[in-house]
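*Asks:* Provided herewith is a single structure, encoded as structure tokens, for subsequent inquiry.
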Amino acid sequence: MADQSIHTPNMEVEPLEASRLTGDATAQDIDSIRRRTSVFVYEWPVRLWHWINALCIMVLIGTGWFIASPLPTMTFAEATHQFVMGYIRFGHFAAAQILTVGFFARIYWAFVGNHHAKQLFYVPILNKRWWKEVVFELKWYLFLEAEPKKYVGHNPLAQIAMFFFMTLGITFMILTGWALYAEGAQAGSLSHNVMGWLIGWVGNTQILHSVHHLGMWFIVIFMIIHIYAAIREDILSRQSMVSTMISGTRTFKDDRPE
Amino acid sequence: MSQIETFYEVMRKQGITRRSFMKYCSLTASALGLGPSFVPQIAHAMETKPRTPVIWVNGLECTCCSESFIRGAHPLAKDVVLSMISLDYSETLMAAAGHHAEAALEETIEKYKGNYILAVEGNPPLNEDGMFCIVGGKPFVEQLKHAAQHAKAVISWGACASYGCVQAAKPNPTQATPVHKVITDKPIIKVPGCPPIAEVMTGVITYMLTFDRLPELDRQGRPAMFYGQRIHDKCYRRPHFDAGQFVEHWDDDNARKGFCLYKMGCKGPTTYNACSTVRWNEGVSFPIQSGHGCIGCSEDGFWDQGSFYNRVTDLTQFGIEANADKIGMTAAGVVGAGVAAHAAVSALKAAQRKTQDKKEEA
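Line by line, the protein sequences are chains A and B. No gaps in the numbering here: position 84 of the first sequence is 262 in the working numbering, and each next residue is one more. No gaps in the numbering here: position 134 of the second sequence is 145 in the working numbering, and each next residue is one more.
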């Protein structure tokens with residue numbers, strides 16, 4: 179155990195009497211409990227947004243794939259009574275609309291929510307210490323640091339990834355996606371009034387299809403990194419990761435000051 | 012200006028009856044999407060207005076615009092508009108040639124300064140001082156600028172004049188440049204297509220001559236009445252698209268059944284034109300109806316969007332056979348492999364530490 183602690187356990191207090199006496203908790207467990215700390219980080223709207231957003235992205239990737247490369251032709255009814263491609267596109271558009279509303283709600287919450295709700299939307303490039311910590315975190319991922327540091331919200335590397343993949347990535351997908359939707363909705367529709375400028379600016383909207391498609395892969399790459407890093411940190415780091423996005427509480431595994 | 016005849020007088024001279032004239036007016040009104048109340052307005056304008064002269068110049072092009080134009084479905088529209096145009100200047104169609112032709116151009120410009128419409132078929136190449144297209148012994152770009160100087164408005168015929176078309180496809184060695192990037196101080200209406208539909212061409216000219224103004228344009232400067240919707244939005248095979256019924260191979264049963272050509276690379280979903288409503292050759296057919304996907308000929312840079320037969324565009328920056336999926340899958344594969352390797356090293360490191368801790372404890 180480390181020499182320094184951010185708090186002194188009250189050794190005269192015996193915690194978890196019932197658990198101890200029924201044989202559930204060992205002496206080591208009690209020792210560990212005395213040293214654990216936790217902090218509330220993510221408020222419920224942030225957590226709810228995270229999971230809705232994740233679900234929408236899964237639906238959007240699946241349906242988007244089949245819009246670009248449709249399922250094999252099937253005929254089980256007359257064309258009039260069959261709506262395979264129609265439902266796939268409906269699923270894509272419905273998920274996209276939920277994702278869009280969610281993203282705006284998330285931006286709203288960055289203003290009214292707690293400090294950690296803002297972290298997704300900026301990168302503190304002017305903070306010299308922050309850059310130093312980016313290097314530290316890089317070294318941790320390159321196995322050059324024996325032990326990671328404790329972070330309340332995102333670690334500096336995660337903040338960079340969140341900002342570029344999610345904040346910018348989702349914004350890009352929303353803009354290009356709504357411009358593509360505006361093509362079908364046609365001039366005079368709300369989506370065309372809002373996003374028609376992008377159709378005009380790009381010129382040939384086949385380009386818009388291509389970049390929207392590349393954007394999907396950008397998000398897929400983020401997902402691979404994000405899920406891997408979350409699970410890895412949950413196991414190897416000194417704090418909770420996965421459960422934090424469920425309960426909102428970050429639990430630290432030790433009580434050392436740094 | 013009193014010696015200039017009205018449209019109606021020109022028509023009557025060509026032996027067109029009043030009855031046919033009124034038919035033409037109502038047909039034009041409906042082609043332009045105007046209500047019946049506009050029919051007398053069109054008729055009145057044609058009876059009283061002196062006709063607007065049109066100068067038709069040709070740059071780097073294949074003359075398919077002219078070919079399309081002279082095949083207008085309504086012969087009246089073609090004859091009348093065409094004869095009016097050929098009276099002034101059109102290299103392909105006028106009787107004069109050589110110095111006489113060039114003199115006719117100068118005369119028209121002088122006579123109708125600020126009143127004529129300049130119709131441009133093709134585009135000027137700007138590389139090597141425009142030497143890749145010579146008209147009357149001079150680079151075409153000079154003739155274009157000269158003729159545009161006193162024009163009331165400019166019509167960009169076809170994909171060449173509007174966007175550059177094949178001669179502007181990458182790497183564009185002659186630096187073929189669409190008209191709106193050379194002429195920047197005149198109202199320009201783009202009528203893209205390779206070629207544009209004849210009825211669209213006559214419709215645009217008739218609108219401009221009748222109402223003395225440009226029709227409503229979309230963001231890219233195309234007449235909204237003809238380019239407001241995608242081929243896809245009005246395609247008669249659209250129900251098969253929504254049903255998920257596609258042609259999978261050119262010679263399969265689905266092709267015979269007339270299923271959607273989306274998987275064969277049809278560019279209908281990204282192409283704005285009137286093909287699926289007005290159609291071609293007097294409404295006989297259009298590419299999709301004859302079993303081939305749309306190639307998107309009325310869109311900007313349609314030659315540079317990869318194969319005509321792929322829905323997911325080839326991105327040759329990443330190699331000849333690459334597209335968004337191949338690039339994305341490669342990138343995701345590399346990242347996935349990296350993650351797997353990283354996870355393996357992490358597990359080894361963790362195991363190593365555990366062993367060390369145990370040794371220390373022991």
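Glycine included, each C-beta is placed from N, C-alpha and C at the ideal position. These numbers come from a predicted model, not from an experiment.
Assign E29 of chain B to one of two classes, buried (16 or more other C-beta atoms within 10 Å of its C-beta) or exposed (fewer than that).
*Replies:* Here residue 29 of chain B refers to the residue found at position 18 of the second sequence. The question names Glu, but residue 29 of chain B in the sequence shown is Arg. Per the 10 Å Cβ criterion, exposed.
*Asks:* Looking only at DSSP bridge pairs, what is N69 of chain B linked to?
*Replies:* Locating residue 69 of chain B in the second sequence gives position 58, counting from the first residue. Per DSSP, B:E132.
*Asks:* Return the chain-ordered ranges of every alpha helix (DSSP H) run that is complete within the region 298–323 of chain B and spans a minimum of 4 residues.
*Replies:* List check, alpha helix (DSSP H) in window: nothing returned.
*Asks:* Helix, strand or coil: how does DSSP classify F321 of chain A here?
*Replies:* Against the first sequence, residue 321 of chain A aligns to sequence position 143. Three-state result, F321 of chain A: coil.
*Asks:* Is there a C-beta anywhere in chain A that falls below 9 Å from the one on K181 of chain B?
*Replies:* Here residue 181 of chain B refers to the residue found at position 170 of the second sequence. So no, K181 of chain B is outside the interface.
*Asks:* Any Cβ of chain B within less than 9 Å of the Cβ of G269 of chain A?
*Replies:* Counting from 1 along the first sequence, the entry for residue 269 of chain A is found at position 91. False, the Cβ-Cβ gap to chain B never drops below 9 Å.
*Asks:* What span of residues does the beta strand (DSSP E) with A164 of chain B cover, start to end?
*Replies:* If you number the second sequence from 1, residue 164 of chain B lands on position 153. Start and end: 164–168.
*Asks:* Within the 9 Å Cβ cut-off, does A285 of chain B reach chain A?
*Replies:* Reading the second sequence from its first residue, position 274 is the one you call residue 285 of chain B. So no, A285 of chain B is outside the interface.
*Asks:* Count the other CB atoms within 10 Å of the CB of R224 of chain B; is the residue buried (16 or more) or exposed (fewer)?
*Replies:* For this step, residue 224 of chain B is matched to residue 213 along the second sequence. It counts as exposed.
*Asks:* Quick one: grab the DSSP three-state call for Q364 of chain A.
*Replies:* Position 186 of the first sequence holds residue 364 of chain A. Coil, per DSSP.
*Asks:* Looking at chain B, is there any beta carbon in it that lies within less than 9 Å of the beta carbon of Y359 of chain A?
*Replies:* As a first step, residue 359 of chain A is located in the first sequence; it is residue number 181 there, counting from the start. By this cut-off, Y359 of chain A is not an interface position.
*Asks:* DSSP puts V146 of chain B in a beta bridge; with which residues?
*Replies:* As a working mapping, residue 146 of chain B is identified with position 135 in the second sequence. Answer is B:K149, bridged to V146 of chain B.
*Asks:* Roughly how many angstroms separate the alpha carbons of A180 of chain A and P193 of chain A, rounded to a whole number?
*Replies:* In the first sequence, counting from the first residue as 1, residue 180 of chain A sits at position 2. In the first sequence, counting from the first residue as 1, residue 193 of chain A sits at position 15. Note on A180 of chain A: pLDDT 49, under 50, position unreliable in the model; the coordinate value appears next. Approximately 21 Å, taken between the alpha carbons.
*Asks:* According to DSSP, C271 of chain B sits in a beta bridge with which residue or residues?
*Replies:* Position 260 of the second sequence, counting from 1, holds the residue named residue 271 of chain B. Paired residue(s): B:F257.
*Asks:* Where does S101 of chain B fall in DSSP's three states?
*Replies:* Taking the first residue of the second sequence as position 1, residue 101 of chain B is located at position 90. Here S101 of chain B sits in strand by DSSP.
*Asks:* Could you check which residue in A:A324, A:A357, A:T204, A:M419 has the C-alpha nearest to that of H332 of chain A?
*Replies:* Numbered from its first residue, the first sequence carries residue 332 of chain A at position 154. Checked all of A:A324, A:A357, A:T204, A:M419; the closest Cα to H332 of chain A is A:M419.
*Asks:* Going by alpha carbons, who is nearest to P198 of chain B out of B:V211, B:E310, B:C171, B:Q231?
*Replies:* Walking along the second sequence from the start, residue 198 of chain B turns up at place 187. Among B:V211, B:E310, B:C171, B:Q231, the Cα nearest to that of P198 of chain B is on B:Q231.
*Asks:* For the region 406–434 of chain A, list every residue whose C-beta sits within 8 Å of some C-beta in chain B, in sequence order.
*Replies:* Flagged, chain order: Y406, R410, I413, L414.
*Asks:* Along the chain, where does the beta strand (DSSP E) containing F218 of chain A start, and where does it finish?
*Replies:* Numbered from 1 along the first sequence, position 40 holds the residue referred to as residue 218 of chain A. Element bounds for F218 of chain A: 215–218.
*Asks:* Distance cutoff 9 Å, beta carbons only. Does F151 of chain B sit that close to anything in chain A?
*Replies:* Position 140 of the second sequence holds residue 151 of chain B. Answer no: the Cβ-Cβ gap between F151 of chain B and chain A never drops below 9 Å.
*Asks:* Quick one: list the residues of chain B neighbouring W318 of chain A, beta-carbon separation under 7 Å, in chain order.
*Replies:* As a first step, residue 318 of chain A must be located in the first sequence, where it is residue number 140. The premise fails here: W318 of chain A is roughly 10 Å from chain B at the closest Cβ pair, so nothing lies under 7 Å.
*Asks:* Would you call the CB atoms of T251 of chain A and F270 of chain B closer than 9 Å?
*Replies:* Along the first sequence, one-based indexing puts residue 251 of chain A at 73. Along the second sequence, one-based indexing puts residue 270 of chain B at 259. In contact: T251 of chain A and F270 of chain B (Cβ atoms closer than 9 Å).
*Asks:* For the structure I just gave you, are there three or more beta carbon pairs, one from the region 293–307 of chain A and one from the region 256–273 of chain A, closer than 8 Å?
*Replies:* In short, these stretches do not touch, since the Cβ pair count stays below three.
*Asks:* Does N284 of chain B pass the burial test, meaning 16 or more other C-beta atoms within 10 Å, or should it be called exposed?
*Replies:* Here residue 284 of chain B refers to the residue found at position 273 when the second sequence is read from its first residue. By the 10 Å Cβ count, N284 of chain B comes out buried.
*Asks:* Determine the contact status of S318 of chain B and G276 of chain B, defining contact as a CB-CB distance below 9 Å.
*Replies:* Taking the first residue of the second sequence as 1, we reach residue 318 of chain B at position 307. Taking the first residue of the second sequence as 1, we reach residue 276 of chain B at position 265. Cβ distance < 9 Å, so S318 of chain B and G276 of chain B count as in contact.
*Asks:* Beta-carbon of I266 of chain A versus every beta-carbon of chain B: anything under 9 Å?
*Replies:* As a first step, residue 266 of chain A must be located in the first sequence, where it is residue number 88. Judged by the 9 Å Cβ criterion, I266 of chain A is in contact with chain B.
*Asks:* Would you call the region 32–47 of chain B and the region 64–77 of chain B touching, i.e. three or more CB-CB distances under 8 Å?
*Replies:* With a cut-off of 8 Å, the region 64–77 of chain B and the region 32–47 of chain B do not count as touching, because too few Cβ pairs lie within range.
*Asks:* Would a C-beta distance cut-off of 9 Å place V165 of chain B and I194 of chain B closer than the cut-off?
*Replies:* Position 154 of the second sequence, counted from the first residue, corresponds to residue 165 of chain B. Position 183 of the second sequence, counted from the first residue, corresponds to residue 194 of chain B. Cβ distance < 9 Å, so V165 of chain B and I194 of chain B count as in contact.
*Asks:* Please look up how many angstroms separate the CB atoms of L298 of chain A and T345 of chain A, rounded, as I've assumed it's under 8 Å.
*Replies:* Working through the first sequence from its first residue, we reach residue 298 of chain A at position 120. Working through the first sequence from its first residue, we reach residue 345 of chain A at position 167. Confirmed, about 6 Å.
*Asks:* Is it buried or exposed, Y218 of chain B, if we count other Cβ atoms within 10 angstroms and call 16 or more buried?
*Replies:* Position 207 of the second sequence, counting from 1, holds the residue named residue 218 of chain B. Y218 of chain B should be labelled buried.
*Asks:* Quick one: what's got a C-beta closer than 7 Å to M263 of chain A's C-beta in the same chain, skipping five residues either side?
*Replies:* As a working mapping, residue 263 of chain A is identified with position 85 in the first sequence. For M263 of chain A, where only same-chain residues beyond five positions count, the Cβ hits under 7 Å are P248.
*Asks:* Whole angstroms is fine: what's the gap from M12 of chain B's alpha carbon to K122 of chain B's?
*Replies:* Here residue 12 of chain B is taken as the residue at index 1 of the second sequence, counted from 1. Here residue 122 of chain B is taken as the residue at index 111 of the second sequence, counted from 1. Low confidence applies here, because M12 of chain B scores a pLDDT of 41, under 50, leaving its location unreliable; read the following figure in that light. Answer to the nearest angstrom: the Cα atoms are 9 Å apart.
*Asks:* My output table needs one value for T429 of chain A: the three-state DSSP class, helix, strand or coil.
*Replies:* One-based indexing of the first sequence puts residue 429 of chain A at position 251. Here T429 of chain A sits in strand by DSSP.
*Asks:* Please identify the residue among A:R212, A:D207, A:T241 whose C-alpha is closest to the C-alpha of E190 of chain A.
*Replies:* What you label residue 190 of chain A is simply residue 12 of the first sequence in a count that begins at 1. It is A:R212.
*Asks:* When DSSP labels each residue in this structure, what does Y329 of chain A get in the three-state scheme?
*Replies:* Numbered from 1 along the first sequence, position 151 holds the residue referred to as residue 329 of chain A. If DSSP states are grouped into helix, strand and coil, Y329 of chain A belongs with coil.
*Asks:* Buried or exposed, going by whether 16 or more other CB atoms sit within 10 Å of the CB of W395 of chain A?
*Replies:* Your numbering for residue 395 of chain A matches position 217 in the first sequence. Its Cβ being crowded by 16 or more others within 10 Å, W395 of chain A is buried.
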